[in-house]
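Note that our numbering has the sequence shown beginning at 1, numbered continuously upward.
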Amino acid sequence: MENNNHQECIFCKKDDSQVPLVQLSYQKVNYWICPQHIPILIHEPGKLAGMLPDAENLHAG
Ligand SMILES: [Zn+2]
Numbered sequence: 001m002e003n004n005n006h007q008e009c010i011f012c013k014k015d016d017s018q019v020p021l022v023q024l025s026y027q028k029v030n031y032w033i034c035p036q037h038i039p040i041l042i043h044e045p046g047k048l049a050g051m052l053p054d055a056e057n058l059h060a061g
């Protein structure tokens, strides 16, 4: 598992020259996500499998 130090949305890979990015911390690693994809993190975190480690274990609701 490699750490993602790039400042780009974990979902759409846009960087902060294209979209505002919100930093989040998960398992002591910092990630970035754009506002457009924050709802996915909240409501459908399983869709982030492969983007965040163990995302398939994040259960919505
Ligand atoms: Zn995004």
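Virtual Cβ for every residue (Gly too), placed ideally from N, Cα, C.
Just to check, is the beta-carbon of residue i closer than 7 Å to a non-hydrogen atom of ligand 2?
i: Ile33; result: This structure does not include ligand 2; its bound ligands are ligand 1.
For residue i and residue j, I'd like the C-alpha separation in whole angstroms.
i: Gln36; j: Gln27; result: 23 Å
i: Ala55; j: Pro39; result: 14 Å
i: His59; j: Lys14; result: 25 Å
i: Asp16; j: Ala49; result: 23 Å
i: Gly46; j: Ile33; result: 15 Å
i: Glu8; j: Val29; result: 14 Å
Any heavy atom of ligand 1 closer than 7 Å to the Cβ of residue i?
i: Gln36; result: yes
i: Lys14; result: yes
Per DSSP, residue i forms a beta bridge with which residues?
i: Glu8; result: Asp15
Suppose only complete runs of 3+ residues qualify. What are the beta strand (DSSP E) ranges in the stretch 13 to 53, listed by chain order? 22 to 26 and 29 to 33, all fully within the stretch 13 to 53.
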